[in-house]
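Colleague:
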Amino acid sequence: MRTIAVIGAGQMGTGIAQTVAANGMAVMLADIDLARAEAGKANVEKALVKLMGRGKIEASEAEALLARITPVADYTPFAEADLIIEAATEREEIKNAIFDAAGKVLHADSILSSNTSSIPITRMANHSPDPARFIGLHFFNPVPVMGLIEVIPGLATAQATTDRVTAFARGLGKEVVLSQDEPGFVVNRILLPMINEAVFLLGQGTAGIEDIDKGCRLGLNHPMGPLQLADFVGLDTCLDIINVLYRTTRDSKYRPAPLLVKYVEAGWLGRKSGRGFYDYTGESPVPTR
Ligand code: CAA
Numbered sequence: 274m275r276t277i278a279v280i281g282a283g284q285m286g287t288g289i290a291q292t293v294a295a296n297g298m299a300v301m302l303a304d305i306d307l308a309r310a311e312a313g314k315a316n317v318e319k320a321l322v323k324l325m326g327r328g329k330i331e332a333s334e335a336e337a338l339l340a341r342i343t344p345v346a347d348y349t350p351f352a353e354a355d356l357i358i359e360a361a362t363e364r365e366e367i368k369n370a371i372f373d374a375a376g377k378v379l380h381a382d383s384i385l386s387s388n389t390s391s392i393p394i395t396r397m398a399n400h401s402p403d404p405a406r407f408i409g410l411h412f413f414n415p416v417p418v419m420g421l422i423e424v425i426p427g428l429a430t431a432q433a434t435t436d437r438v439t440a441f442a443r444g445l446g447k448e449v450v451l452s453q454d455e456p457g458f459v460v461n462r463i464l465l466p467m468i469n470e471a472v473f474l475l476g477q478g479t480a481g482i483e484d485i486d487k488g489c490r491l492g493l494n495h496p497m498g499p500l501q502l503a504d505f506v507g508l509d510t511c512l513d514i515i516n517v518l519y520r521t522t523r524d525s526k527y528r529p530a531p532l533l534v535k536y537v538e539a540g541w542l543g544r545k546s547g548r549g550f551y552d553y554t555g556e557s558p559v560p561t562r
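Under our numbering, think of the first position of the sequence shown as 274, with each following residue one higher.
1) Within the same chain, show all residues whose beta-carbon is closer than 6 Å to that of Leu445, passing over the 5 residues directly before and after it, in chain order.
2) Please determine, among Asp347, Ser333 and Leu339, the residue with the shortest C-alpha to C-alpha distance to Ala308.
3) Would you kindly report the start and end of the unbroken beta strand (DSSP E) that includes Glu331?
4) Under 6 Å Cβ to Cβ from Ala282, same chain only, skipping five residues before and after it: list those, please.
5) Following the continuous beta strand (DSSP E) through Ala303, name the residue where it begins and the one where it ends.
6) In terms of alpha-carbon separation, which member of Ile357, Ala480 and Thr521 lies closest to Lys377?
7) Under a Cβ-count criterion, where at least 16 other Cβ atoms within 10 Å of its own Cβ denotes burial, should Gly507 be classed as buried or exposed?
8) Starting from Leu421, follow its DSSP beta bridges and name the residues at the other end.
9) Suppose you measure from the CA of Val438 to the CA of Val424; what does that come to, to the nearest Å?
10) Can you have a look at Asp524 and say buried or exposed, based on whether 16 or more other CB atoms are within 10 angstroms of its CB?
11) What beta strand (DSSP E) runs, 3 residues minimum, are completely inside the region 436-484?
12) Using CA coordinates, which residue listed in Thr287, Pro558, Pro560 and Ala315 is at the minimum distance from Val416?
13) Looking at Ala442 and the ligand CAA, is the gap between the Cβ and the nearest heavy atom below 7 Å?
14) Pull up the DSSP beta-bridge partners for Glu359, would you.
15) Could you give the distance in angstroms between the alpha-carbon of Ser401 and the alpha-carbon of Thr510?
16) For the beta strand (DSSP E) that Val345 lies in, which residues bound it at each end?
17) Which residues in the same chain have their Cβ closer than 7 Å to the Cβ of Leu502, if we skip the five residues on either side of it in sequence?
18) Any idea if Gly457 is buried or exposed, counting beta-carbon neighbours within 10 angstroms, 16 or more meaning buried?
19) Return the first residue and the last residue of the beta strand (DSSP E) that Ile571 is part of.
20) Does the Cβ of Met497 lie closer than 7 Å to at least one heavy atom of the ligand CAA?
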């Protein structure tokens, strides 16, 4: 694959664009308008400046990487793309509208994919022009650092599509886990109940934020505790995913913790809003309870 299109210039979309460009491919980056796509590219530049400061990348390499990312105003140029990766907000109606629009320009040999964290691939494939060339391609945050991509074929996905995206993922230097199209796939099926349970523990006063996180960092050797990780992922995204698990399985073990719902209602969404379980407005994060 030589040319990749990424839809969504947020945390995940820009991480994907950076990683793809770092591996020598051309990336077209779109969002709801050109300004947002350009802001996404500017965020990649900021990440590269940090890496240069730490001696991890040469200036010439960073410049070449950035030159391979082209922000675009609409999907028309995506007719040139070998693979389109949707990495927009985790809402099914938003993603479906994107597939309807991107499907109109999709080249006859190209693949349409979704970076969804949990929404069924088989269902969303109905919004693509050819479900045989539709697949889940789930990256982890921060994309340039995390070593895994989940590949999720839907019921109608052709084996050739699975083989091509698996080769693409490995070409990015990532390991691949193949998952059936079940709620939450593999990793989020395990991660989200853990995060949700941590919020239940906090809500019922079993332990405070710092002790819950310390328990998992030191007791399980996780790099971040579950509440810190929830803030990192975004509490709205966590709630969206646990709700998908709850609604699709109808199993009460996935009901969202009431405190998680309250935080999202308050607009306390984690790092991106400046406050979640920790306050991020100062030098270093401070627990809020
Ligand atoms: N591009 C390239 N490299 C980058 C980078 C970027 N944008 N940002 C950071 N790095 C590199 C750094 O240079 C550093 O490299 P070295 O180890 O070689 O020095 C390394 O990544 C670690 O970065 P930092 O030193 O800044 O930070 P850290 O050591 O505190 O680690 C972390 C940060 C990698 C995020 C670590 O805390 C971690 O692994 N946390 C857990 C992350 C996780 O679980 N992610 C999955 C979330 S779930 C998800 O994404 C799926 C979903 O659907 C919800």
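Note that the Cβ used here is the ideal one computed from N, Cα and C, for glycine as well.
Modeller: By the coordinates alone:
1) Thr292 and Asn296
2) Asp347
3) Careful: Glu331 lies outside any beta strand (DSSP E) and carries neither H nor E.
4) Leu302, Asp304, Arg309, Ala310 and Gly313
5) Ala299 to Ala303
6) Ile357
7) buried
8) Glu448
9) 8 Å
10) exposed
11) 448-451
12) Thr287
13) no
14) Ile280 and Ser387
15) 24 Å
16) Ile342 to Val345
17) Ile468
18) buried
19) Within the shown structure, residues of the chain are numbered from 274 to 562, placing residue 571 beyond reach of any answer.
20) yes
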